[in-house]
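Residue numbers (the working numbering): 19 to 447. Each residue gets a CB set at the ideal place from its N, CA and C atoms; glycine is no exception. Model, not experiment: these values are computed from the prediction. In what follows, a single structure is set out as structure tokens and then discussed.
Right, here's the structure in full:
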């Protein structure tokens with residue numbers, strides 16, 4: 019009896035499986051489950067199952083990197099794989115080298131997956147779309163230099179809008195080298211400001227031929243362009259990711275050229291309409307101005323301008339007379355009021371009182387009102403109607419006994435002296 023180790027057993031079984039030519043390359047259909055994308059290594063780990071069984075599978079990075087789509091749980095696929103055994107844990111598994119969706123092409127699955135992912139990011143949002151310039155001076159064209167698309171675009175632009183300068187960027191439009199060239203051309207136009215609007219596209223073809231316009235990098239470059247982009251890929255029924263990312267989709271390259279530039283015949287027709295409206299408006303404006311001029315010229319101020327001068331002179335004479343009359347009336351009224359006030363002031367004048375025999379004594383420049391304001395020996399100045407008299411107080415008699423020398427009524431006696439420059443005799447009582 020021979021005893022072997024577990025490692026020897028697993029190695030032997032593995033050699034049997036890998037030595038079977040029928041198991042070296044086998045096509046298997048099944049549903050993906052337990053899918054794991056190992057980002058660090060790039061390997062894919064999954065299981066394939068059907069209604070009655072399940073098998074573990076692995077797809078190494080060298081093969082996984084070539085997949086045009088992303089495997090998902092529940093996806094039905096057909097794989098080409100070799101059957102083997104993982105010695106370390108004795109797991110029976112398959113090593114996948116090719117994979118494609120079952121019933122739907124791999125490119126179609128990849129297209130739908132990328133479209134959904136970019137739409138969720140908002141890359142196709144209508145609010146991000148930029149309007150096309152109505153009258154572009156420079157139109158950028160990104161397409162193949164040998165295809166029918168460039169000829170169609172140039173013919174349409176030359177016929178519709180020869181004023182525009184066409185800046186052509188020749189690129190590959192299919193194959194692995196196409197996406198980098200498309201991205202580089204878009205960056206050139208934006209960095210150099212070499213166009214007001216960009217047309218990017220190609221003629222029709224299969225999904226494989228149009229695949230460069232389903233590239234994620236191309237779609238992001240189109241969406242990031244500061245210059246409005248028109249996508250014109252394939253025929254009217256062909257839709258690519260580039261169409262959704264662009265600011266406007268055209269069904270064909272010829273239609274893109276029509277959308278990018280106005281029709282010169284329509285512009286000429288529009289200019290003719292505007293010219294007619296300007297001519298009509300100018301004529302109407304001139305007629306209105308002529309009518310206003312005629313109305314103004316017929317007015318009296320222009321036909322007989324002296325009439326207004328004479329009328330104003332007459333008005334000035336009237337105002338002058340009215341002003342003089344008002345001034346005389348005002349002066350007369352003021353004179354009467356002044357005479358009345360003067361009469362009242364004259365009647366109240368202290369000089370009138372003096373003329374009736376009264377006098378005003380002053381002591382030290384102040385009016386003597388009571389006996390208490392002076393004392394014997396004080397000098398007095400007595401104002402009379404025709405001058406003043408200088409005198410001296412001899413005594414002070416007060417009629418009020420309760421207040422000696424401070425009564426309200428009193429009598430002062432004194433010697434009068436004749437001041438210089440005056441005449442007459444003087445006495446004070």
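Local Cβ density within 10 Å of residue i, reported as buried at 16 or more and exposed below that
i, result
"residue 405", "exposed"
"residue 383", "exposed"
"residue 295", "exposed"
"residue 22", "exposed"
"residue 370", "exposed"
"residue 345", "exposed"
"residue 143", "exposed"
"residue 230", "buried"
"residue 87", "buried"
"residue 307", "exposed"
"residue 366", "exposed"
"residue 24", "exposed"
"residue 368", "exposed"
"residue 289", "exposed"
"residue 228", "buried"
"residue 161", "buried"
"residue 323", "exposed"
"residue 2", "A question about residue 2 goes unanswered here, because the residues of the chain that appear run from 19 up to 447."
"residue 302", "exposed"
"residue 455", "Because residue 455 is not part of the residues shown, which for the chain are 19 to 447, the question remains open."
"residue 332", "exposed"
"residue 163", "exposed"
"residue 82", "buried"
"residue 19", "exposed"
Residue i and residue j closer than 8 Å at C-beta
i, j, result
"residue 416", "residue 389", "yes"
"residue 98", "residue 113", "no"
"residue 233", "residue 197", "yes"
"residue 219", "residue 250", "yes"
"residue 239", "residue 204", "yes"
"residue 217", "residue 159", "yes"
"residue 16", "residue 317", "For the chain, the structure presents residues 19 to 447; residue 16 sits outside this window and is missing."
"residue 320", "residue 314", "yes"
"residue 200", "residue 236", "yes"
"residue 92", "residue 50", "yes"
"residue 265", "residue 147", "yes"
"residue 385", "residue 414", "no"
"residue 287", "residue 170", "no"
"residue 79", "residue 108", "no"
Residues near residue i by beta carbon distance below 7 Å, same chain, minus five either side
i, result
"residue 118", "95, 96 and 124"
"residue 43", "98 and 100"
"residue 182", "154, 155, 156, 157, 175 and 279"
"residue 55", "62"
"residue 52", "64 and 65"
"residue 270", "250, 253 and 254"
"residue 29", "105"
"residue 32", "102, 103 and 105"
"residue 439", "Low local confidence applies: a pLDDT of 38 at residue 439 is under 50, so the model's placement there is unreliable, with the coordinate-based value given in what follows. None."
Close beta carbons around residue i, own chain, < 6 Å, minus the five adjacent residues each side
i, result
"residue 150", "215 and 246"
"residue 244", "208"
"residue 268", "248, 250, 274 and 277"
"residue 68", "48"
"residue 380", "399"
Opposing strand residues paired with residue i [DSSP bridges]
i, result
"residue 118", "96"
"residue 219", "250"
"residue 55", "62"
"residue 383", "DSSP output for residue 383 lists no bridge partner at all."
"residue 111", "74 and 102"
"residue 156", "183"
"residue 399", "380 and 408"
"residue 188", "161"
"residue 46", "97"
"residue 67", "49 and 72"
"residue 267", "249"
Same chain, Cβ closer than 8 Å to residue i, neighbours up to 5 away in sequence not counted
i, result
"residue 212", "156, 158, 185 and 206"
"residue 372", "378, 401, 402 and 403"
"residue 141", "237, 238, 241, 262 and 263"
"residue 137", "262"
"residue 152", "280"
Assess contact between the stretch 175-182 and the stretch 272-279, defined as three or more Cβ pairs (one per stretch) separated by less than 8 Å. Is contact present? yes
Three-pair Cβ contact test at 8 Å for the stretch 34-41 versus the stretch 64-81: no
So, does the stretch 257-273 touch the stretch 125-137, judging by three or more C-beta pairs under 8 Å? yes
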